[in-house]
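Q:
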Amino acid sequence: MPKQKDEDRLRARIKHASQQASSKQYTSIHSTAHRIHTTKRNAPPPKLSEFQTVPGAWPDDTPPSLDPQGLENVVPAADIEEPGKLKVKAKAKRYLDSDAPLLSWRDKHREEYLDHIMMSEGRGQMFTGTCSGCVSEQAVYRCQDCIGLPLLCKQCLLEKHTDMPLHRIQEWKDDFFHQTSLRELGLEIQIGHRRLPGDRRECPFREGTRGSEGFLVLGWNGIHIVNLFFCGCEGAPEKHLQLLDIGWWPASYKNPQSAATFECLHNFHITNLQGKLAHTDFYRSLEQISDGSGLTSVPDREAQFMTMMREWRHIKTGKRFGRAHDPTGLGGTQEGTCAVPCRACPIPGVNLPENWHQAPASKKWLYSLLLAEDANFKQKARARPNDHRDVPLNPGWGCTVAHKPYLEEMAKYANQDEISHCVGFSAIWNANNKKTKGLRATGVGAVTCSRHEVIRPNGLGDLQVGERYGNMDYILLSAIIGCVLALIVISYDIACQWGKGFRERMKKMPQHLHLREDIKLKFKVPKFHLPAHVEKCFAPYAFNFTEGVGLTDGEGIERVWSSLNEIASSASMMTAGGRWDIMDDHCNHWNWRKTVLL
Numbered sequence: 000m001p002k003q004k005d006e007d008r009l010r011a012r013i014k015h016a017s018q019q020a021s022s023k024q025y026t027s028i029h030s031t032a033h034r035i036h037t038t039k040r041n042a043p044p045p046k047l048s049e050f051q052t053v054p055g056a057w058p059d060d061t062p063p064s065l066d067p068q069g070l071e072n073v074v075p076a077a078d079i080e081e082p083g084k085l086k087v088k089a090k091a092k093r094y095l096d097s098d099a100p101l102l103s104w105r106d107k108h109r110e111e112y113l114d115h116i117m118m119s120e121g122r123g124q125m126f127t128g129t130c131s132g133c134v135s136e137q138a139v140y141r142c143q144d145c146i147g148l149p150l151l152c153k154q155c156l157l158e159k160h161t162d163m164p165l166h167r168i169q170e171w172k173d174d175f176f177h178q179t180s181l182r183e184l185g186l187e188i189q190i191g192h193r194r195l196p197g198d199r200r201e202c203p204f205r206e207g208t209r210g211s212e213g214f215l216v217l218g219w220n221g222i223h224i225v226n227l228f229f230c231g232c233e234g235a236p237e238k239h240l241q242l243l244d245i246g247w248w249p250a251s252y253k254n255p256q257s258a259a260t261f262e263c264l265h266n267f268h269i270t271n272l273q274g275k276l277a278h279t280d281f282y283r284s285l286e287q288i289s290d291g292s293g294l295t296s297v298p299d300r301e302a303q304f305m306t307m308m309r310e311w312r313h314i315k316t317g318k319r320f321g322r323a324h325d326p327t328g329l330g331g332t333q334e335g336t337c338a339v340p341c342r343a344c345p346i347p348g349v350n351l352p353e354n355w356h357q358a359p360a361s362k363k364w365l366y367s368l369l370l371a372e373d374a375n376f377k378q379k380a381r382a383r384p385n386d387h388r389d390v391p392l393n394p395g396w397g398c399t400v401a402h403k404p405y406l407e408e409m410a411k412y413a414n415q416d417e418i419s420h421c422v423g424f425s426a427i428w429n430a431n432n433k434k435t436k437g438l439r440a441t442g443v444g445a446v447t448c449s450r451h452e453v454i455r456p457n458g459l460g461d462l463q464v465g466e467r468y469g470n471m472d473y474i475l476l477s478a479i480i481g482c483v484l485a486l487i488v489i490s491y492d493i494a495c496q497w498g499k500g501f502r503e504r505m506k507k508m509p510q511h512l513h514l515r516e517d518i519k520l521k522f523k524v525p526k527f528h529l530p531a532h533v534e535k536c537f538a539p540y541a542f543n544f545t546e547g548v549g550l551t552d553g554e555g556i557e558r559v560w561s562s563l564n565e566i567a568s569s570a571s572m573m574t575a576g577g578r579w580d581i582m583d584d585h586c587n588h589w590n591w592r593k594t595v596l597l
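So for the sequence shown, numbering that gives the first Met the number 0 puts the first residue at 0; every next one is plus one.
1) Around the Cβ of Gly522, are there at least 16 other Cβ atoms within 10 angstroms (buried) or fewer (exposed)?
2) I'd like to confirm the pairing. Which residues does DSSP put opposite Val216 in its beta bridges?
3) Could you tell me the distance, in whole angstroms, from the CA atom of Gly458 to the CA atom of Ser477?
4) Note down, in chain order, each residue of its chain lying with its Cβ closer than 8 Å to the Cβ of Ile245, except the 5 sequence neighbours on either side.
5) Tell me which residue opens and which closes the alpha helix (DSSP H) that Pro249 is part of.
6) Whole angstroms is fine: what's the gap from His585's alpha carbon to Arg383's?
7) Find the nearest neighbour of Met558 within the set Ala531, Glu546, Pro525, Thr574, judged by alpha-carbon distance.
8) Which of the three DSSP states, helix, strand or coil, is assigned to Thr129?
9) Could you name the residues that DSSP lists as bridge partners for Lys519?
10) What do you get for Asn226, buried or exposed, if any count of 16 or more other CB atoms within 10 angstroms of its CB means buried?
11) Report back the beta-carbon spacing between Lys379 and Ala440 to the nearest angstrom; my notes put them in contact at under 8 Å.
12) DSSP three-state call for Leu475: helix, strand or coil?
13) Verify whether the separation of the beta carbon atoms of Gly577 and Ser449 is less than 9 Å.
14) Quick one: complete alpha helix (DSSP H) runs, 4+ long, within the region 535 to 589?
15) Helix, strand or coil: which one does DSSP assign to Ala371?
16) Once you ignore the five residues that flank Leu520 on each side, which residues in its own chain have a CB closer than 6 Å to its CB?
17) Can you name the residues that DSSP bridges to Gly442?
18) Taking the straight line between their C-alpha atoms, what separation do you get for Asp580 and Val390?
19) For Trp104, does the three-state DSSP call read helix, strand or coil?
20) Going by beta carbon distance, what residues of the same chain come within less than 7 Å of Leu285, once the five residues before and after it are set aside?
21) Helix, strand or coil, according to DSSP, for Leu165 in the structure here?
22) Determine the direct distance from the alpha carbon of Ile489 to that of Pro326, and round the result to whole angstroms.
23) Pick out whichever of Asn470, Val453, Glu503 has its Cα sitting closest to the Cα of Met409.
24) What does DSSP give as the partner residues of Cys448 in its beta bridges?
25) Using a Cβ distance threshold of 8 Å, determine whether the region 154 to 163 contacts the region 131 to 139, with at least three qualifying pairs required.
26) Below 8 Å on the Cβ atoms is my guess for His160 versus Cys142; work out the distance and round it to an integer in Å.
27) Output the distance between the C-alpha atoms of Arg93 and Glu170, rounded to the nearest integer angstrom.
28) Quick one: residues in its chain with C-beta nearer than 8 Å to the C-beta of His268, no 5 flanking neighbours on either side, listed in chain order?
29) Bridge partners of Gln178, per DSSP?
30) In the structure shown, what three-state DSSP assignment does Arg309 receive?
31) With a 10 Å radius around its C-beta and 16 neighbouring C-beta atoms as the bar for buried, classify Thr295 as buried or exposed.
32) Leaving out the 5 sequence neighbours to the left and right, which residues in its chain are closer than 7 Å to Phe424 when beta-carbon positions are compared?
33) Considering only C-alpha positions, which residue in the set His177, Ser561, Leu369, Leu165 is nearest to Leu550?
34) Just tell me which of Ser561, Cys341, Phe176 has its CA closest to the CA of Glu120.
35) Using the C-alpha atoms, what's the distance from Glu187 back to Asn254?
36) Less than 7 Å between C-beta atoms, sequence neighbours within five positions excluded: which residues of the same chain meet that for Pro149?
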């Protein structure tokens, strides 16, 4: 009876405390990513442990286990303050799988992964001894590129790969898989011969490669040698066109002996543009995919691969800019028409109102063009013996200047001496003292829009000897040919000196480069470069004191260099035409990414 009375008394105390707590409130404070929240809440009922000792219960201040395996099972206790006082929200439950996924994977699954990888080195747990296709013959072959790595007999393997001749094949022999090929198993590829669906008959006049030589194909999964036969019927397309029809790019248009798949060229093209991977590194990776040990001799077609890539870039450029639908074709392409323009800069007839030129003086700044010009001396180019024979495939079509007239004009400025004593850095002070021995170009000059960092059409050219005014004038004028806007604001780190006499120097340039007299030019110095100038340059050349430019800093072109400099090493060793073509391609890639991510 005394025990029963004690329990009744305890229940009464708990009930009384709960009634008191429910009539009071406390403030709960918790935070999210960027804010702190306070909430008025009713106090919860007190715990039993506050009125009676519970055997085996953890005290509220007991720290969680330090064992990583036990973290996911630990729920930190929530301390409840007296009614009316602040309460700090308890820590959330820890989940090792999300908080430390690699640690969880290492402890739970890595042994299983290793076992499954080792299993794939053998015939697998599903092996029954017979072909998974016909279920009658002994299965000793498998394809590394087919899903599931099925084991097949020779006949089923060849039938399955009639239209997949570049898959990699292995043969089970001497208790492990040996590398073999569909060619060694007898697969022959017939192309160009027109026949009805399902007709597998060979061309009676076929011409091809049989025996030890074979036909070499660069694919996404390595370097392959195949038995290839061309159609020799009357009226059949030429051999290089028969290859194009099946998605293989010929290395030569005369009696081709090697090719690359469209997929291989496309994959490298994207990898080169995004990751700046060099041709040589990509080709070496294909060799290692074909034979990771390096013990097997693989035919060297790196030079042919580079030729195919130049052709691929050129044709893709023409396709993307609509040259296939123009009656004049690629041959009728005009200068600067294959460059991705800046869609945010003012373009009359495209993104400006019809009466933009009638805007009042207080609104004219809306229709001004802001440009940035700079030189980059990391983009050097070594002189090559066959430079004179290698011409660009896109002569001035894209972001680079038309090089033949450009170089002819620059020959007039061989002894130009425009030294400035304004700035502390050496942009012009060392202009004629740059190391030029063995170099075809000491760097490049470029023009971009200041606000959006898009390279202008015909806005990039080589520098022969330092940062001469003649080079920079020509590149700027090429980039604004046909401009009809009333105001152009030009940012250049030496604008305080270069801007002086610009109009007079322009008159010595070819007539088609001349600006209209009614176009007003403002020369400014980028904000980061301005402190290096003398004090008298600060006010007149500061963006902060210029009306209509907003928060433009003029340094956007420096961010363009950060991307293009990643190809400086590989481009410096290219011949003249190849270097200009790849610079054009990378500039257009930069412009396109800027366009879609604005």
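In this text, a Cβ means the ideal position worked out from N, Cα and C, and glycines have one as well.
A: So, from the data block:
1) As a first step, residue 522 must be located in the sequence shown, where it is residue number 523. For the record, residue 522 in the displayed sequence is Phe; it is not Gly. In this structure Phe522 is buried. Its beta-carbon is surrounded by 16 or more other beta-carbon atoms within 10 angstroms.
2) In the sequence shown, residue 216 corresponds to position 217, counting from 1. Its beta-bridge partners are His223, Ala258.
3) On the sequence shown, residue 458 is found 459 positions in, with the first residue counted as 1. On the sequence shown, residue 477 is found 478 positions in, with the first residue counted as 1. A straight-line Cα-Cα distance of about 6 Å links Gly458 and Ser477.
4) For this step, residue 245 is matched to residue 246 along the sequence shown. Correct list, in chain order: Ile190.
5) Counted from its first residue, the sequence shown places residue 249 at position 250. In this chain, Pro249 is not harboured by any alpha helix (DSSP H); it is covered by the beta strand (DSSP E) spanning 247 to 249.
6) For the purposes of this step, residue 585 is identified with residue 586 of the sequence shown, where counting begins at 1. For the purposes of this step, residue 383 is identified with residue 384 of the sequence shown, where counting begins at 1. Cα-Cα distance, rounded: 22 Å.
7) The sequence position of residue 558 within the sequence shown is 559, counting from 1. The sequence given here has Arg at residue 558, not Met. If you compare the alpha carbons of Ala531, Glu546, Pro525, Thr574 with that of Arg558, the shortest gap goes to Pro525.
8) If you number the sequence shown from 1, residue 129 lands on position 130. Three-state DSSP puts Thr129 in a strand.
9) Residue numbering aside, residue 519 sits at position 520 when the sequence shown is read from its first letter. DSSP output for Lys519 lists Leu486 as bridge partner(s).
10) Position 227 of the sequence shown, counted from the first residue, corresponds to residue 226. Classification of Asn226: buried, given that the 10 Å Cβ count is 16 or more.
11) One-based indexing of the sequence shown puts residue 379 at position 380. One-based indexing of the sequence shown puts residue 440 at position 441. The beta-carbon separation of Lys379 and Ala440, rounded to 6 Å, stays under the 8 Å limit for a contact.
12) As a position in the sequence shown, residue 475 is number 476, starting the count at 1. Of the three classes helix, strand and coil, the one that applies to Leu475 here is helix, per DSSP.
13) The residue given as residue 577 occupies position 578 in the sequence shown. The residue given as residue 449 occupies position 450 in the sequence shown. Contact flag unset, no.
14) If only complete runs of 4 or more residues are kept, the region 535 to 589 shows the alpha helix (DSSP H) at 555 to 563, 567 to 571, in order along the chain.
15) The sequence position of residue 371 within the sequence shown is 372, counting from 1. DSSP, read as helix, strand or coil, puts Ala371 in strand.
16) Locating residue 520 in the sequence shown gives position 521, where the first residue counts as 1. Leaving aside the five residues that flank Leu520 on each side, the residues in its chain whose CB is nearer than 6 Å to its CB run, in chain order, Ile487.
17) By one-based count along the sequence shown, residue 442 stands at place 443. According to DSSP, which records beta bridges pairwise, Gly442 is partnered with Leu462.
18) As a working mapping, residue 580 is identified with position 581 in the sequence shown. As a working mapping, residue 390 is identified with position 391 in the sequence shown. Taking the CA atoms as reference points, Asp580 sits about 9 Å from Val390.
19) Sequence index remark: in the sequence shown, residue 104 carries index 105 (1-based). Trp104: helix per DSSP, three-state reduction.
20) For the purposes of this step, residue 285 is taken as the residue at position 286 of the sequence shown. Excluding residues within five positions, the ones whose Cβ falls inside 7 Å are Leu217, Gly221, Ile222.
21) Position 166 of the sequence shown holds residue 165. DSSP, reduced to helix, strand and coil, places Leu165 outside both helices and strands of the structure shown, so it counts as coil.
22) Here residue 326 corresponds to residue number 327 of the sequence shown, with the count starting at 1. Here residue 489 corresponds to residue number 490 of the sequence shown, with the count starting at 1. Per the coordinates, the alpha-carbon of Pro326 lies some 38 Å from the alpha-carbon of Ile489.
23) For the purposes of this step, residue 409 is identified with residue 410 of the sequence shown, where counting begins at 1. Nearest Cα to Met409 within the set Asn470, Val453, Glu503: Asn470.
24) In the sequence shown, the residue the question calls residue 448 occupies position 449. The secondary-structure analysis by DSSP pairs Cys448 across a beta bridge with Leu370.
25) With three or more CB-CB distances shorter than 8 Å, the region 154 to 163 counts as touching the region 131 to 139.
26) For the purposes of this step, residue 160 is identified with residue 161 of the sequence shown, where counting begins at 1. For the purposes of this step, residue 142 is identified with residue 143 of the sequence shown, where counting begins at 1. Taking the Cβ atoms as the reference, His160 lies roughly 7 Å from Cys142, within the contact range of under 8 Å.
27) Here the question's residue 93 lines up with position 94 in the sequence shown. Here the question's residue 170 lines up with position 171 in the sequence shown. So the two alpha carbons sit approximately 49 Å from each other.
28) On the sequence shown, position 269 is the one that residue 268 refers to. Taken in chain order, the residues that qualify are Met308, Trp311, Arg312, Lys315.
29) The residue given as residue 178 occupies position 179 in the sequence shown. Answer by DSSP bridge pairing, in chain order: Gln169.
30) In the sequence shown, counting from the first residue as 1, residue 309 sits at position 310. DSSP, reduced to helix, strand and coil, places Arg309 within a helical segment of the structure shown.
31) Residue 295 sits at position 296 when you count from the first residue of the sequence shown. Counting Cβ neighbours within 10 Å, Thr295 comes out exposed, since fewer than 16 surround it.
32) Within the sequence shown, the letter at position 425 stands for residue 424. Here Phe424 scores only 48 on pLDDT, less than 50, and its place in the model is too uncertain to base an answer on.
33) Numbered from its first residue, the sequence shown carries residue 550 at position 551. Of His177, Ser561, Leu369, Leu165, the residue nearest in Cα terms is Leu369.
34) Looking up residue 120 in the sequence shown gives position 121. Cα-wise, what sits closest to Glu120 is Phe176.
35) Start at 1 with the first residue of the sequence shown, and residue 254 comes out as number 255. Start at 1 with the first residue of the sequence shown, and residue 187 comes out as number 188. Spanning the two alpha carbons is a distance of roughly 19 Å.
36) Mapped onto the sequence shown, residue 149 falls at position 150. Take Pro149, set aside five residues on each side of it, and the residues of its chain with a beta-carbon closer than 7 Å to its own are Ser131, Arg141, in chain order.
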